[in-house]
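**Q** Position in the sequence shown (first residue = 1) + 6 = the numbering used here.
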Amino acid sequence: MQLYTSSNPITFTIMSMQIAVLITTFLFAILPTGHLMETNTEDPYVIEITTFTYKEGVKADTFWIRDAKIQEDYTSKQPGFISRESAMSEEGEVVVVVRWKTMADAEASMNKFMQDPSVADYAQMIEGPSMKMKRYQKQ
Numbered sequence: 007m008q009l010y011t012s013s014n015p016i017t018f019t020i021m022s023m024q025i026a027v028l029i030t031t032f033l034f035a036i037l038p039t040g041h042l043m044e045t046n047t048e049d050p051y052v053i054e055i056t057t058f059t060y061k062e063g064v065k066a067d068t069f070w071i072r073d074a075k076i077q078e079d080y081t082s083k084q085p086g087f088i089s090r091e092s093a094m095s096e097e098g099e100v101v102v103v104v105r106w107k108t109m110a111d112a113e114a115s116m117n118k119f120m121q122d123p124s125v126a127d128y129a130q131m132i133e134g135p136s137m138k139m140k141r142y143q144k145q
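1. For the structure I just gave you, are there three or more beta carbon pairs, one from the region 102-111 and one from the region 46-66, closer than 8 Å?
2. Spell out a yes or no on whether the region 126-138 and the region 85-92 are touching, meaning 3 or more CB-CB pairs, one atom from each, closer than 8 Å.
3. For the alpha helix (DSSP H) that Met-137 lies in, which residues bound it at each end?
4. On the DSSP bridge list, what partners appear for Gln-121?
5. Under the three-state reduction of DSSP, which class applies to Gly-63: helix, strand or coil?
6. Quick one: what's Ser-89 bridged to in DSSP?
7. In the structure shown, what three-state DSSP assignment does Arg-72 receive?
8. Among Met-109, Phe-58, Ser-82, Arg-72, which one has its Cα closest to the Cα of Pro-50?
9. Would you please state the rounded distance, in angstroms, between the beta carbons of Thr-59 and Gly-98? I believe it to be under 8 Å.
10. Specify, as a first and last residue, the run of the alpha helix (DSSP H) that Met-80 falls within.
Spelled out as structure tokens, the structure:
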């Protein structure tokens with residue numbers, strides 16, 4: 007592979023600007039907008055922590071693709087949403103941490119989630135008895 011080099015500073019500057027524009031465009035295209043919402047960390051908010059395992063037979067890549075879509079298309083659109091992230095332990099337990107503006111926002115979102123047909127396939131992947139949720143009020 008040959009790297010293009012130029013001793014002309016104008017050519018180098020233009021190429022650098024083009025690369026910067028491409029990188030910026032790429033980042034804005036892939037970052038879900040919902041979890042970038044700003045919040046004043048001095049205001050109280052709710053931290054919701056949910057843990058569960060997904061059902062035997064569910065493929066990891068299928069689950070994580072759907073999890074990302076849930077964040078982008080569903081959770082980030084709920085009133086009071088601040089942020090969401092999910093991860094998995096070495097033992098296979100999934101943790102989802104969501105920040106909400108109020109306890110009422112968190113409760114309303116979960117009630118809607120349990121009834122919403124657009125997320126039913128995701129809910130079906132979860133091993134129901136393994137699911138635990140706790141909410142904490144940040145003062």
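Glycine included, each C-beta is placed from N, C-alpha and C at the ideal position.
Fair warning: this is a prediction, and the values are worked out from it, not measured in the lab.
**A** Reading from the atomic positions:
1. Segments in contact, yes.
2. no
3. Here residue 137 refers to the residue found at position 131 of the sequence shown. Where Met-137 is concerned, there is no enclosing alpha helix (DSSP H), given that its DSSP letter is neither H nor E.
4. Residue 121 sits at position 115 when you count from the first residue of the sequence shown. Looking at the DSSP assignment, Gln-121 forms no beta bridge with any residue, so it has no partner.
5. On the sequence shown, position 57 is the one that residue 63 refers to. Reduced to three states, the DSSP call for Gly-63 is coil.
6. Locating residue 89 in the sequence shown gives position 83, where the first residue counts as 1. Partner(s): Arg-105.
7. Residue mapping note: residue 72 aligns to position 66 of the sequence shown, counting from 1. If DSSP states are grouped into helix, strand and coil, Arg-72 belongs with the helices.
8. For the purposes of this step, residue 50 is identified with residue 44 of the sequence shown, where counting begins at 1. Nearest of Met-109, Phe-58, Ser-82, Arg-72 to Pro-50, Cα basis: Met-109.
9. Taking the first residue of the sequence shown as 1, we reach residue 59 at position 53. Taking the first residue of the sequence shown as 1, we reach residue 98 at position 92. 6 Å between Cβ atoms; contact.
10. Here the question's residue 80 lines up with position 74 in the sequence shown. Residue identity check: residue 80 is Tyr in the sequence provided, not Met. For Tyr-80, no alpha helix (DSSP H) encloses it, and the DSSP letter there is neither H nor E.
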